[in-house]
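Numbering (this note's numbering), first residue to last: 930 to 1082.
Yeah, the Cβ is synthetic: ideal placement off N, Cα and C, and Gly gets one too.
First the structure, in the form of structure tokens, and then the observations on it.
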């Protein structure tokens, strides 16, 4: 009788151990999925934060002095900035030249335009500090911001 009781207790102990281990594996698997989802969201937020310096200009109306400050701020960045004024409707590229086709931009060569020309009233590329401009973002095939375009209203 004692042996059969011990066998039943050992069997019950093994079953309970298997149940506890199974529950542990289920919790671990669901925890991994939750962690992977959280890591994905953090990556997305990180990407948005790194582009926030550019995305703030998308659709925003700003004055010419802010456009000029933006040119100075991003002059050493790997991005093209085009300014279209009423005097120069085709626009001028600063920092880098960008080719745009079907709304997709490709960064080309470094622009030879001087920001000082945009501050010179006698120059065709002059940006009126009191003028109103609307910003637009251009992205490449990967969704990376490659250009800012400011168009005078």
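{"Query": "DSSP-derived helix/strand/coil call for residue 962", "Result": "helix"}
{"Query": "Option in 1032, 1035 and 1025 with minimal Cα separation from residue 1043", "Result": "1025"}
{"Query": "Proximity of residue 1012 and residue 1047 at Cβ, strictly below 9 Å", "Result": "yes"}
{"Query": "Exposed unless 16 or more other CB atoms sit within 10 angstroms - verdict on residue 986", "Result": "buried"}
{"Query": "Cα-Cα separation, residue 973 to residue 965", "Result": "12 Å"}
{"Query": "With 16 other Cβ atoms within 10 Å as the buried cut-off, status of residue 1032", "Result": "exposed"}
{"Query": "Counted within 10 angstroms of its Cβ, other Cβ atoms place residue 941 as buried (16 or more) or exposed", "Result": "exposed"}
{"Query": "For residue 980 and residue 1063, believed in contact at Cβ under 8 Å, the rounded distance", "Result": "No, residue 1063 and residue 980 are not in contact; Cβ-Cβ is about 19 Å, not under 8 Å."}
{"Query": "Every unbroken alpha helix (DSSP H) inside the segment 983 to 1054 [4 residues or more]", "Result": "993 to 1002 and 1044 to 1048"}
{"Query": "Bridge partner(s) assigned by DSSP for residue 1064", "Result": "1079"}
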